[in-house]
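Protein chains in written order, with the numbering used here: chain F, 102 to 316; chain W, 102 to 316; chain A, 1400 to 1618; chain U, 1400 to 1618; chain Z, 58 to 115; chain G, 4 to 255.
We put the CB at the ideal spot given by N, CA and C, even for glycine.
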Ligand code: HEM
Ligand SMILES: Nc1ncnc2c1ncn2[C@@H]1O[C@H](COP(=O)(O)OP(=O)(O)OP(=O)(O)O)[C@@H](O)[C@H]1O
Ligand SMILES: Nc1ncnc2c1ncn2[C@@H]1O[C@H](COP(=O)(O)OP(=O)(O)OP(=O)(O)O)[C@@H](O)[C@H]1O
Ligand SMILES: [Mg+2]
Ligand SMILES: [Mg+2]
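And the structure:
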């Protein structure tokens, strides 16, 4: 299992956001992106998730058998700034939908909805409409979404924004567990995350040295 | 100048979220709320901002002359979880709208839009539609909104979520300046904020001892 | 307040479609009706006013249900609620912006549409006048519905049930005033005055109701 | 996919208005038309099919412009785009859900509406049949517009120009097929077959176009 | 007159609706009263079992 | 009778417990009186002569007209309660308009159905889209909407406030119903009982009509008081249930 990126660069509008970024992640490895606001962390994560087409370079995913079977995006869970949950539906309905829609990828299986909610310590409020939850509770539930369907790669964009300290520790624990089980994690964050990141990448925004390549 | 709350308690749906909360803030004082996710910080801030009607108790504001002139809510800036900016409009248009709509309260005056953007270190991207900004940039611009129209009280709900460390320091500096100029700040946060909070309140959620009163 | 008006106008032009949707929808309706009634010009001119009025109702309703929902979703509603501007005024201005961007174009286009429907000058004038006077009422009524929709966690459905019935009287008087202008025995003024009264009435009641509902949204 | 269908149905019942809006709207229109055209039952039955079809157009348009917008605003669209399900299928399912929740009720209610409009049995049957066959095309066309609206940061205007003109042929063939069923000289089958062809054409083109637009939304 | 059908149907339907309304109200009231009684019974027991809930008030 | 009752309800009975006590005392008498009046009314309705023009069908009037009146009166009661909710924030007012909505819907339904049944022999059609019929139909829809609105929100006091707003806005429909026959010349009968200048209806028909009208009014108040009582109980049950759940959660 391996997630590789080669010489990625990406545009937003007319502006080059970053260029020449490469990494190579194996089972159990994590990459943490840091950098100033607007330096392009979210953009990079979205490129990896296949949501933005890179201006150059490519992202490659090899499954357990070493084959380039599926698209990289399909092996990924993406937790962005927005939670991808409907405020009108209850938490349980939201989770059930994503479980049924995403379905487990081969190589693992998700937990039940009740278990996932317990794992983020919110088992008691599954019946509330998602819109009623507090900001931190919403974030936790969005994270629970990663647990109900199995994906080897987790792409997390500031997962701990709006979380209290105990929940931060909880997320770190869940991420460690995922890594331990052979998963891969790509996270962008401003706060030190409490898990061993095997790789770090500081985004610096657009480098003038790269300008020639960008044009 | 004084912001007082007496024996506040509030419901959400049918549930009592907190009860019997009182505080008293004078010129230059800050109150920091902490507490677990879902403990009711945001609810308390919204009660103070007049957005939720308290189940009991009241919020009172006395202006510089010691008179109970205006409603407490009108003396407040409220920066909630959502940024209150339209993604379709440019940053400058958004700020200009809030400046014109909110207008300065007597006792002070806001800075110009350009200056406000400079103060949050984003002077260069005033022309971009708000929806194009990165999460942290959006948050900064939402903060700039507090600077374009003067209000003595700032109510900040997790102002530093999604911010990088330099922006955190920047916000702390701006908040200190506001306090220094005789303002009042009420903030809920999970991260230690770098300014002298004269008061702290840890929200514990609903207290069982208060239950009889809630009904 | 002007700031709010301008912002809402800008938004409805940039994001919503605004002006054109109403006019285009109307064109579509006009394109279809002749298939129904056949190329009978007399008949067309007879049902013309009713059709124009129904088109206006549609245009007024399009997008109206989200009048406050968008504000709430991005948090602007909180700030609007906190200000000392009377909330009623804020609602009024938002209604005005919606009417200007979505309904007024239809009123302006109505003579053209009247020509398509083979209506005579008097009828066209009457329709335009009644629309001008009556259509704001639709917006005001819709605003109450939109405000109630904001408070409901899951209730768009209800709003339509509540709002549409209230629109019926407006339509009835609008249409009957238009006809009264053409058909001789019926006097034009009484229904027209009633229509004016209804609009004025809802111009007060609508914003007050909407403001009350918004104040009580509380969340 | 079934999960998506069910979720969308749930959402449209809970939040959007869905089923009842179309039917209720129609009731209002029907309640008003007699005031316009007078209690002339013949005339009512003559314009009936056109009115029912216009009602269907409205029902199809209600909320359709936000089909993908809501998904995008809360971030769900990202996840939908990332899956291996062909995107075309996702769009198709979303269209289906929208059609089921918003347009089908109108199709089902159309006999009742036909009765109100004093239409005879053949006309009612014909309208129902043409609606059943033709209205999905409206949804598919609208989906393309909705997808384009998502990709354009400020392009609501474009969408309406794009969508409504494309709907006109559907409407025209639908209405003329309904009339052909009642009026003798005109044959029913040709317009009906053309209508079917249009629907089938848009059933392919619509989702493909929408999927293409969504893929290139890229942000 | 041959209109008896209309008269009796309208009386019938009105009677039916009225009766349904009355019955519904009465039954609803009974159910609520029963629930209240049940709660009273168990609630008293609960309070005695958990006296701590009462103490802070005094 | 009805006046004084309404007054007591809004001022004296500030607290629900007092209301419950009074309701328990009044209800038996009220229901007995209602039954009695219905018996008398029905007897009169079937013993009087038919109309020379309308024949037997005139008997439909004795149900149709009281039901139609009540459909409007019930809405007026709701509007009064709505003012109570919004102005005095009185919890009993919240309960009152919530309890009245289903009753109003039922009476409106009766008026619609009997009207249709009367319309077939008189006008030759079940339904026409004339102003009065349309506006009564609209009233029916509004009752349904208000009921649904109350059910859709899980915070009762918020639901009460929001529906109060809607009730007040919807009140415009009442004068429209009442005066629609004067404003448009329609098929429907103009007012002949409640009008300036006294009733124009024949005494023969007036007597049973009035008895039935009073009977219907009493029925409404009986049911309304019962429904309010039920609603108060319902709220108490849910409050206690929640308390119990909290205690259980704490013990566990
Ligand atoms: C579905 C159809 C009908 C509806 C919704 C309806 C509704 C009403 C309403 C709301 C009133 C009370 C008006 C007021 O107090 O001023 C009323 C009264 C009355 N209706 Fe109807 N009606 C219907 C059909 C009919 C028909 C078919 C007849 C007889 C031909 C009829 C005869 C009357 C009479 C005689 C009154 C009493 C008027 C008065 O004395 O004030 N109605 N109806
Ligand atoms: N309508 C409702 N019914 C029941 N509970 C509700 C309702 N709305 C909100 N809540 C609950 O109210 C509580 C308080 O939420 P609040 O947003 O004030 O928390 P918070 O302290 O700001 O948390 P966070 O740190 O996550 O932002 C939450 O537990 C939430 O689930
Ligand atoms: N359409 C566009 N045109 C020009 N610039 C754009 C456009 N869209 C986004 N940008 C810019 O792209 C940059 C990268 O944003 P991105 O969201 O990747 O930053 P980030 O590192 O995630 O920041 P944060 O820490 O605040 O989340 C930002 O500076 C933003 O202003
Ligand atoms: Mg980011
Ligand atoms: Mg919060």
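Query raised in the report: Where does residue 150/F fall in DSSP's three states?
Result: coil
**Report entry** Through-space distance from residue 224/W to residue 1480/A, alpha-carbon basis
**Finding:** 29 Å
Report task. With 8 Å as the limit, tell me which residues of the segment 155-189 of chain F have their beta carbon closer than that to any beta carbon of chain U; keep them in chain order. Result -> 171, 172, 174, 175, 177, 179, 181, 182, 183, 184, 185, 186, 187, 188, 189
Query raised in the report: Cα-Cα, which of 284/F, 292/F, 160/F, 263/F is closest to residue 131/F?
Result: 284/F
Query raised in the report: Quick one: does the C-beta of residue 303/F sit closer than 7 Å to a heavy atom of ligand 4?
Result: no
**Report entry** For residue 182/W, the three-state DSSP class (helix, strand or coil)
**Finding:** coil
**Report entry** Through-space distance from residue 1453/A to residue 119/G, alpha-carbon basis
**Finding:** 27 Å
Query - Stretch-stretch touch, CB-based, cutoff 8 Å, three pairs: the segment 255-271 of chain W with the segment 208-215 of chain W - result: no
Query raised in the report: Relative to ligand 5, is the shortest distance from any of its heavy atoms to the C-beta of residue 1459/A smaller than 7 Å?
Result: no
Requested in this report: Return helix, strand or coil for residue 72/Z, following the three-state DSSP convention.
Outcome: helix
Query - DSSP three-state assignment for residue 126/G, whether helix, strand or coil - result: helix
Query raised in the report: According to DSSP, is residue 288/F helix, strand or coil?
Result: strand
Requested in this report: Identify the contact partners of residue 1474/U in chain F, using a Cβ-Cβ distance below 7 Å as the criterion.
Outcome: 181, 183, 184, 185
Requested in this report: Have a look at 1429/A, 1495/A, 1548/A and flag the residue whose alpha-carbon is nearest the alpha-carbon of residue 1467/A.
Outcome: 1548/A
Report task. Would you mind telling me which residues of chain A sit closer than 9 Å to residue 258/W, beta carbon to beta carbon, in chain order? Result -> Chain A residues near residue 258/W: none, gap ~10 Å exceeds 9 Å.
Query raised in the report: Per the contact definition of three or more C-beta pairs closer than 8 Å, is the segment 59-66 of chain Z in contact with the segment 1511-1526 of chain U?
Result: no
Requested in this report: Provide the residue span of the alpha helix (DSSP H) that contains residue 1543/U, from first to last.
Outcome: 1520-1550
Query raised in the report: Which residue or residues does DSSP assign as beta-bridge partners of residue 133/W?
Result: 288/W, 301/W
**Report entry** Outcome for residue 8/G when other beta-carbon atoms lying within 10 angstroms are tallied against a minimum of 16
**Finding:** For residue 8/G, the pLDDT reaches just 43, beneath the cut-off of 50, and the residue's location in the model is therefore unreliable, although a value from the coordinates is still provided. Burial call: exposed.
Query raised in the report: What span of residues does the beta strand (DSSP E) with residue 32/G cover, start to end?
Result: Unbroken run through residue 32/G is the alpha helix (DSSP H), 19-50; no beta strand (DSSP E).
Query raised in the report: From residue 282/W to residue 1413/A, what distance separates their C-alpha atoms?
Result: 40 Å
Requested in this report: In angstroms with no decimal places, state the Cα-to-Cα distance between residue 247/G and residue 1516/U.
Outcome: 56 Å
Query raised in the report: Taking just the CA atoms, how far does residue 1500/A sit from residue 1540/A?
Result: 17 Å
Query - Residue from 1575/A, 1463/A, 1568/A, 1565/A with nearest C-alpha to residue 1490/A - result: 1463/A
Query raised in the report: Are any of the Cβ atoms in chain F nearer than 8 Å to that of residue 1518/U?
Result: no
**Report entry** Neighbour list for residue 201/W in chain A, Cβ cutoff strictly below 7 Å
**Finding:** 1402
Query raised in the report: For the putative contact between residue 93/Z and residue 240/G, defined by C-beta atoms under 8 Å, what is the C-beta separation to the nearest angstrom?
Result: 6 Å
Query raised in the report: Checking contacts by CB at 8 Å: is residue 115/W closer than that to chain G?
Result: yes
Requested in this report: Check residue 158/F in the structure and name its three-state DSSP category.
Outcome: strand
Requested in this report: Within the same chain, show all residues whose beta-carbon is closer than 6 Å to that of residue 151/W, passing over the 5 residues directly before and after it, in chain order.
Outcome: 174
Query raised in the report: Does the distance from the C-beta atom of residue 232/W to that of residue 189/W stay below 8 Å?
Result: yes
Query raised in the report: Of all Cβ atoms in chain F, is any one closer than 8 Å to the Cβ of residue 262/W?
Result: yes
Query raised in the report: What residue from 1465/U, 1615/U, 1598/U, 1581/U has the CA that sits closest to residue 1497/U's CA?
Result: 1465/U
Query raised in the report: Any C-beta of chain F sitting closer than 8 Å to the C-beta of residue 237/W?
Result: yes
Report task. Specify, as a first and last residue, the run of the beta strand (DSSP E) that residue 67/G falls within. Result -> Counting along the chain, residue 67/G falls outside any beta strand (DSSP E), though it belongs to the alpha helix (DSSP H) covering 61-86.
Query raised in the report: residue 1476/U and residue 1400/U: beta carbons closer than 8 Å?
Result: no
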